[in-house]
Amino acid sequence: MAFLDNSGDIILDAVLTDTGRMRLAKGDGSFKIAKFALGDDEINYALYNKNHTSGSAYYDLEILQTPVLEAFTNNGSSMKSKLVSIPRTNLLYMPILKINPFASGNEQVESSGSFFVAVDSDTESSFGLEGGVLGGENPSADNSFIRVDQGLDTTEVSPTYTIDADLAETQYIIEIDNRLGKICASTDATLANISFIDDDNIATYFLSLGTDLKFVKENTNRSNPAPLECIAGPRGTTLTFKVQASLDLNTSTYLFERLGGTFNMRDATTGATVSSVYYIDTTIRVTGATTGYRLDVPVRFIKKP
Amino acid sequence: MATTFKTFLTNDVVSTRTMLHEAIPMTGTIASGTYTNKAGAEHNIKNYSHGMFQSVYDYPYLSSSANHIYDIAVGYSALSALSGASSIQNSKKINIYNQMAQVLMGHSASGEILRFDQDGDLLSGGTKLNECVFFNFSRLLSKDEIKKGSFSATFLTGGTQAAPFGALTVTDAAATNDFRINSPAGEYGILQDGSSNKLGLLFYQAGIAVVTASVFTSLSTLNLIARQRLVSYGIGAPGASYDTSSMESLMTGSHITASCDAIRNRLQSVSFNNTTELNSTIYFCRVNHNDYNYTANPTYLSGSKIRVKNATTDSPVSYITTIGLYSADNELLAVAKLSEPLKKDPTTEFTLRVRLDY
């Protein structure tokens, strides 16, 4: 997309997204705009210079000169970071989402920075002992899971304090390519309910505190230090889940050949290197519905040849 | 409670309708001469094996860059003096006339096809346009309809094809306040020359101009409107195999496509304004002083600390670049982008007006 002309008056460039057009074409009344949100995807707040020698009028000079791209029609490409309404103005810290690498069973595969999902039993038995490899066919038989922690990640505020109620995340939105897998509970692999699947096959799940007890929990650990916690300051809630591989990935290499490639991986049982292991790299997007913070969890689906 | 969405209230959404007009000027050189090679082949003119009409493009039509701009056809009523077994493509010319007439003029109570009427007064009979030239403008140009009172076409009605003269301009200038609504194809106006001679009909929603063949003749052998302008019969392209002696001879002695060739070469210009009916919904995104002063942008925080603040007493600030319009189930249905970042802090309030056109 090109940049918008910013030489004159402020203009608005508005488009329907592909999902919007799909719903409009359905004609079933599902195209109904009910609310709005504001985004600032292009803004780099690191450019905000609070120490500018010329004074406060120059603090955000570079930010205000940021060129803005034309609107994307792909619904998944816009509004990646949303503006947040919090009535009080005296906040100095805001919560984030973070993958917890310390919780047992939540390790990412070494050197890759990704979680691996073994899509069939054969792959599970070969690579399942590796840390960070999730069982995609039999998630309930595997101890690995993905855990995302929420809270104030600062040493300036002690974790012994309870996070303010308006900053505690109570609902998470998980988006995953539905062709590849589904979200299930870390405890017993119960599948989560899909809220909707968009035109790009992205499935969206809404998981709430108090309702989805197997997924969202309050983080009551106030210890300082706490070796198994990744949030240095006050802690909010945690989201834990596993991924069940889709039947397509379980039974066929078609999507692997179309969307992925092959690599060599060490067999955790024999120690031998297995060549030409199929993989597809993707991300599972976790967004806090309340605070708007967004985290992309890198995931690699693997299948033994 | 932190929130990222704000629900539209009833008075935040309003629907409007706007008429958008574009000027469409077309010089006659597009229709003849611009894309002719040395052998005389016109690459922007498409003929069909059925020979019922001819299409004019704005560029050689085999190119994907070409746009279809209009079609030309000629036809006459079975009641015309030109109709006869000896006329070339007699039945096809009648078929074209009848097809256009039944679509544009409709049928009588007894089911007969109504002929084109000179003044649109069907009840009192009057003069009929029995021999017509049809200009069917593509939807690309006419869009939802031709704007009333904006149409003008100039024909060179005299001289020879090589040296034509006698420019005759027909317009619907009076149609702004005087048009007919008794057509099944929508509204239509009367095409007149500068002397108020009624020389055709212009169907606005259909985007079709029906011009009497008498713009090219003064003979009274046809059921034509008396005119005094035409003096010389030289209609037709040089070297063409069709009859060049008169419009009457052309219509009886030539194929439809050949007649279209001749008429194209006499077309000096066509212009009109089209109309696009824009149905819009305007969403007023009201951002109050205490709304959207923070952001979930990852660069906003450094170790969970807000970058734009030094102390808790500093005002938070955020910068708006995007407005997302969502369904109740949080699906992003539309996106609007501001051309430059808009600073938001607790001292400011905005109403951002997003218009979606359908």
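As given, the protein sequences belong to chains P and Z, one line each in that order. FYI, this note's numbering numbers position 82 of the first sequence as 257, with every residue one higher than the one before it. FYI, this note's numbering numbers position 70 of the second sequence as 596, with every residue one higher than the one before it. Glycine included, each C-beta is placed from N, C-alpha and C at the ideal position. Bear in mind that the values here come from a model prediction, so they are computed numbers and not experimental data.
In the displayed model, Tyr-585 (chain Z) falls within coil according to three-state DSSP, outside both helix and strand. Contact between the stretch 860-879 of chain Z and the stretch 182-195 of chain P is established, with three or more Cβ pairs separated by less than 8 Å. The secondary-structure analysis by DSSP pairs Phe-206 (chain P) with nothing; it has no beta-bridge partner. The Cβ atoms of Asp-375 (chain P) and Gly-251 (chain P) sit closer than 8 Å to each other. In terms of beta-carbon proximity, Glu-237 (chain P) stays away from the interface with chain Z, with every pair separated by 8 Å or more. The C-beta of Pro-276 (chain P) has fewer than 16 other C-beta atoms within 10 Å across all chains shown, which makes the residue exposed. Asn-368 (chain P) has a beta carbon lying at 8 Å or more from every beta carbon in chain Z. For the set Z:Asn-836, Z:Cys-811, Z:Lys-835, Z:Val-834, the Cα lying nearest the Cα of Leu-535 (chain Z) is the one of Z:Cys-811. If you check the CB distance, Thr-345 (chain P) and Leu-384 (chain P) come in under 8 Å. Residues Arg-397, Asn-399 of the same chain have their beta carbon placed closer than 7 Å to that of Thr-335 (chain P), with the five preceding and five following residues left out of the count.
By the CB criterion at 8 Å, Phe-476 (chain P) and Gly-288 (chain P) fall outside the cutoff. The distance from the Cβ of Asn-624 (chain Z) to that of Ile-614 (chain Z) is about 18 Å, inconsistent with a contact at the 8 Å cut-off. Cβ contact annotation for Thr-248 (chain P) (same chain, cutoff 6 Å, sequence separation greater than five): Val-190, Thr-192, Asp-193, in chain order.
Here Asn-570 (chain Z) carries a coil assignment [DSSP, helix/strand/coil]. Judged by their CB atoms, Ala-592 (chain Z) and Phe-661 (chain Z) are not nearer to each other than the 8 Å cut-off. Residues of chain P whose Cβ lies closer than 8 Å to the Cβ of Glu-803 (chain Z) do not exist; the shortest such Cβ separation is about 17 Å. Cβ contact annotation for Leu-868 (chain Z) (same chain, cutoff 6 Å, sequence separation greater than five): Ile-846, in chain order. For Val-472 (chain P), the enclosing beta strand (DSSP E) begins and ends at 469-478. Between the stretch 649-656 of chain Z and the stretch 777-792 of chain Z there are fewer than three inter-stretch CB-CB distances shorter than 8 Å, so the stretches are not counted as touching.
Fewer than three Cβ pairs drawn from the stretch 807-826 of chain Z and the stretch 576-591 of chain Z lie within less than 8 Å of each other, which leaves the two stretches out of contact. A straight line joining the alpha-carbon of Gly-712 (chain Z) with that of Ala-246 (chain P) spans about 38 Å. Secondary structure note for Met-777 (chain Z): its alpha helix (DSSP H) is the uninterrupted segment 773-779. For Leu-309 (chain P), no CB of chain Z lies under 8 Å from its own CB, so it is not counted at the interface with that chain.
Contact check for Tyr-809 (chain Z) and Phe-206 (chain P): beta-carbon distance about 13 Å, past the 8 Å limit, so the pair fails to qualify. Neighbours of Val-243 (chain P) across chain Z, judged by C-beta separation under 9 Å: Thr-847, Thr-848, Lys-863, Leu-864, Ser-865, Glu-866, Pro-867. Using beta-carbon distances, Phe-277 (chain P) does not count as an interface residue toward chain Z, since no partner is under 8 Å. DSSP places Thr-680 (chain Z) in the strand class (E or B) of the three-state scheme. Residue range 616-630 is occupied by the alpha helix (DSSP H) that includes Met-626 (chain Z). Look at Asn-318 (chain P) here: in three-state DSSP terms it is coil, with no helix or strand label. Between Val-659 (chain Z) and Ile-598 (chain Z) the beta-carbon gap is near 7 Å, inside 8 Å, which marks them as a contact. Using a CB distance below 8 Å, no part of the stretch 426-458 of chain P faces chain Z.
By the criterion of at least three beta-carbon pairs nearer than 8 Å, the stretch 554-574 of chain Z is in contact with the stretch 785-796 of chain Z. Collapsing the DSSP output to three states places Leu-422 (chain P) in a helix. Residue P:Phe-302 holds the alpha-carbon nearest to the alpha-carbon of Gly-446 (chain P) among P:Phe-302, P:Lys-225, P:Met-254, P:Ala-177. Residues of chain P whose Cβ lies closer than 7 Å to the Cβ of Leu-851 (chain Z) are, in chain order, Ile-208, Phe-211. In chain order, Ala-822, Pro-824 make up the part of chain Z whose C-beta sits under 9 Å from the C-beta of Arg-469 (chain P).
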